[in-house]
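Trainee: If you're matching positions, the sequence shown starts at 47 in the numbering used here and goes up one per residue.
Cβ coordinates follow ideal geometry from the N, Cα and C atoms, glycine included.
What you are looking at is a predicted structure, and each value in this text was computed from that prediction instead of being measured.
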Amino acid sequence: MPAETALITGASSGIGWELAELFARDKSNLVLVARRVDRLEELATRLRQQHGITVEVFAQDLSIPGASDRVLEFTRTKGLEIDVLVNNAGFGTHGYFDEIPVERQVAMLQVNVVALTHLSRLYAPGMIARRRGHILNIGSTASFQPGPNLSTYYASKAYVLSFTHGLAEELSGTGVTATCLCPGPTETGFGEDSGMKNTLIFRMNLMGVKAVAATGYRAMRTGRGQVVPGLMNKVGAYFGSITPRWIVRKVTRQLQTLPPRSGR
Ligand SMILES: NC(=O)c1ccc[n+]([C@@H]2O[C@H](COP(=O)([O-])OP(=O)(O)OC[C@H]3O[C@@H](n4cnc5c(N)ncnc54)[C@H](OP(=O)(O)O)[C@@H]3O)[C@@H](O)[C@H]2O)c1
Numbered sequence: 047m048p049a050e051t052a053l054i055t056g057a058s059s060g061i062g063w064e065l066a067e068l069f070a071r072d073k074s075n076l077v078l079v080a081r082r083v084d085r086l087e088e089l090a091t092r093l094r095q096q097h098g099i100t101v102e103v104f105a106q107d108l109s110i111p112g113a114s115d116r117v118l119e120f121t122r123t124k125g126l127e128i129d130v131l132v133n134n135a136g137f138g139t140h141g142y143f144d145e146i147p148v149e150r151q152v153a154m155l156q157v158n159v160v161a162l163t164h165l166s167r168l169y170a171p172g173m174i175a176r177r178r179g180h181i182l183n184i185g186s187t188a189s190f191q192p193g194p195n196l197s198t199y200y201a202s203k204a205y206v207l208s209f210t211h212g213l214a215e216e217l218s219g220t221g222v223t224a225t226c227l228c229p230g231p232t233e234t235g236f237g238e239d240s241g242m243k244n245t246l247i248f249r250m251n252l253m254g255v256k257a258v259a260a261t262g263y264r265a266m267r268t269g270r271g272q273v274v275p276g277l278m279n280k281v282g283a284y285f286g287s288i289t290p291r292w293i294v295r296k297v298t299r300q301l302q303t304l305p306p307r308s309g310r
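(1) Express the C-alpha separation of D144 and G43 in angstroms, rounding to a whole number.
(2) Where does A52 fall in DSSP's three states?
(3) Comparing alpha-carbon positions, which option in V117, L78 and L155 lies nearest Y200?
(4) Roughly how many angstroms lie between the CA atoms of V130 and I54, to the nearest whole one?
(5) In the DSSP output, which residue or residues are listed as bridge partners for C226?
(6) Here's the rule: buried if 16 or more other CB atoms are within 10 angstroms of the residue's CB, otherwise exposed. What is K203?
(7) Relative to ligand 1, is the shortest distance from any of its heavy atoms to the C-beta of G219 smaller than 6 angstroms?
(8) Does the beta-carbon distance from V103 to A113 come in below 7 angstroms?
(9) Roughly how many angstroms separate the alpha carbons of T289 and M47, rounded to a whole number?
(10) Can you list, in chain order, the residues of its chain whose CB lies under 6 angstroms from that of P275, leaving out five sequence neighbours each side?
(11) Quick test of the definition: if touching needs 3 or more C-beta pairs under 8 angstroms, does the segment 179-195 touch the segment 279-297?
(12) May I have the straight-line CA-CA distance separating H180 from L246, to the nearest angstrom?
(13) Measuring only the C-alpha atoms, how far is I174 from E127?
(14) Is the closest heavy atom of ligand 1 to the C-beta of L277 under 6 angstroms?
(15) Under 6 angstroms: does the beta carbon of L108 sit that close to some heavy atom of ligand 1?
(16) Which same chain residues, not among the five before or five after V294, have their C-beta less than 6 angstroms away from its C-beta?
(17) Taking C-beta to C-beta, are T187 and A283 nearer than 7 angstroms?
(18) Considering only heavy atoms of ligand 1, does any lie closer than 6 angstroms to the CB of P194?
(19) Restricting to runs no shorter than 3 residues, where is the beta strand (DSSP E) found entirely within the segment 70-98?
(20) On the DSSP bridge list, what partners appear for E102?
(21) Can you have a look at E216 and say buried or exposed, based on whether 16 or more other CB atoms are within 10 angstroms of its CB?
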């Protein structure tokens, strides 16, 4: 059987970067996608040298409508069949819904939801036809509950978990699996970028990125539908799912507090 090729979005840092390391260690060829092409090139050069694999780099802003078609066009032009799709690229927007710039929220939904769905739709048929493949989507412990002060981010991650479970069931018996990795706060660029770095939720419970990526990687290889890394996160996700929403949203708000609204 030819070596597999894995396409990873958001491989320029954090969880995506670590996942690329894990695939490379198992001799999978790679396609790395993100905006920061210098970081992708740095990673690609090292992985080619260390592991003797083929690594292609594609610079793409996934918030732009039509971005997923461009990714497909790139892999087709290179003559690549994608056996594993890792929809990892994503970001959060901490703030009051009515105060966060609407362009940033729409861009977030494009990356976290639309590109993830579109890429899955573009690459799943080939995997099914070849009767092998994995789709690994990155959700969050946010997938299990509503999240005031990050309402759109939490809702986007609820979509990712629901979509992945539906897809996993549809794929059963095809030789292709779908897995949702649901990390809690993790030591990556996400805390800074989303504005959550100093929130209580991040200060209380921060997991190392290598452990998170390894947990997701193992779950994908064994075809699990979902995995939550870390005991604290497992407990949080469980209680987030079973506690009445009017309670859980009040607790979550305290963990992600914001200064009083401007002008109120
Ligand atoms: N860290 C956490 O606490 C945490 C917790 C739960 C879930 N997650 C999820 O884990 C995933 C990975 O995040 P991370 O923690 O590894 O954070 P990170 O270090 O900030 O990495 C995010 C990745 O997404 C890419 N990305 C962001 N916007 C993009 C865009 N418009 N187009 C293309 N790529 C884009 C970034 O690449 P460029 O900037 O180079 O484009 C980067 O490679 C995300 O889906 C995030 O929601 C993170």
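Mentor: Answer, in terms of the structure:
(1) No statement about residue 43 is possible, as the shown extent of the chain runs from 47 to 310 and does not include it.
(2) As a working note, residue 52 is residue 6 in the sequence shown. In this structure, A52 counts as strand in the three-state DSSP scheme.
(3) Counting from one through the sequence shown, the residue named residue 200 turns up at place 154. Residue L155 is the option with its Cα nearest to Y200.
(4) Counted from its first residue, the sequence shown places residue 130 at position 84. Counted from its first residue, the sequence shown places residue 54 at position 8. Computed Cα separation, rounded: 8 angstroms.
(5) Taking the first residue of the sequence shown as position 1, residue 226 is located at position 180. Answer by DSSP bridge pairing, in chain order: N183 and Q272.
(6) The sequence position of residue 203 within the sequence shown is 157, counting from 1. Buried: at least 16 other Cβ atoms inside 10 Å.
(7) Taking the sequence shown and counting its residues from 1, one reaches residue 219 at position 173. No, ligand 1 has no heavy atom inside 6 angstroms of this Cβ.
(8) The count along the sequence shown starts at 1 and reaches residue 103 at position 57. The count along the sequence shown starts at 1 and reaches residue 113 at position 67. A113 is positioned such that its CB atom lies no closer than 7 angstroms to that of V103.
(9) Along the sequence shown, one-based indexing puts residue 289 at 243. Along the sequence shown, one-based indexing puts residue 47 at 1. If I take the Cα positions, the gap works out to 47 angstroms.
(10) In the sequence shown, the residue the question calls residue 275 occupies position 229. Excluding sequence neighbours, P275 sits near P229, V258 and T261.
(11) yes
(12) To locate residue 180, count along the sequence shown from 1; it is residue 134. To locate residue 246, count along the sequence shown from 1; it is residue 200. Roughly 35 angstroms between the two C-alpha positions.
(13) Position 128 of the sequence shown holds residue 174. Position 81 of the sequence shown holds residue 127. In this structure, the alpha-carbon of I174 lies about 12 angstroms from that of E127.
(14) As a first step, residue 277 is located in the sequence shown; it is residue number 231 there, counting from the start. No, ligand 1 has no heavy atom inside 6 angstroms of this Cβ.
(15) By 1-based counting over the sequence shown, the position of residue 108 is 62. Checking every heavy atom of ligand 1 against the Cβ of L108, one is found closer than 6 angstroms.
(16) Locating residue 294 in the sequence shown gives position 248, where the first residue counts as 1. For V294, where only same-chain residues beyond five positions count, the Cβ hits under 6 angstroms are Q191 and G286.
(17) The sequence position of residue 187 within the sequence shown is 141, counting from 1. The sequence position of residue 283 within the sequence shown is 237, counting from 1. At a Cβ-Cβ threshold of 7 angstroms, T187 and A283 count as neighbours.
(18) In the sequence shown, the residue the question calls residue 194 occupies position 148. Distance from the C-beta of P194 to the nearest heavy atom of ligand 1 is not below 6 angstroms.
(19) The segment 70-98 contains these whole beta strand (DSSP E) runs: 75-80.
(20) Within the sequence shown, residue 102 is the residue found at index 56, counting from 1. Paired residue(s): V77.
(21) For this step, residue 216 is matched to residue 170 along the sequence shown. Result: exposed.
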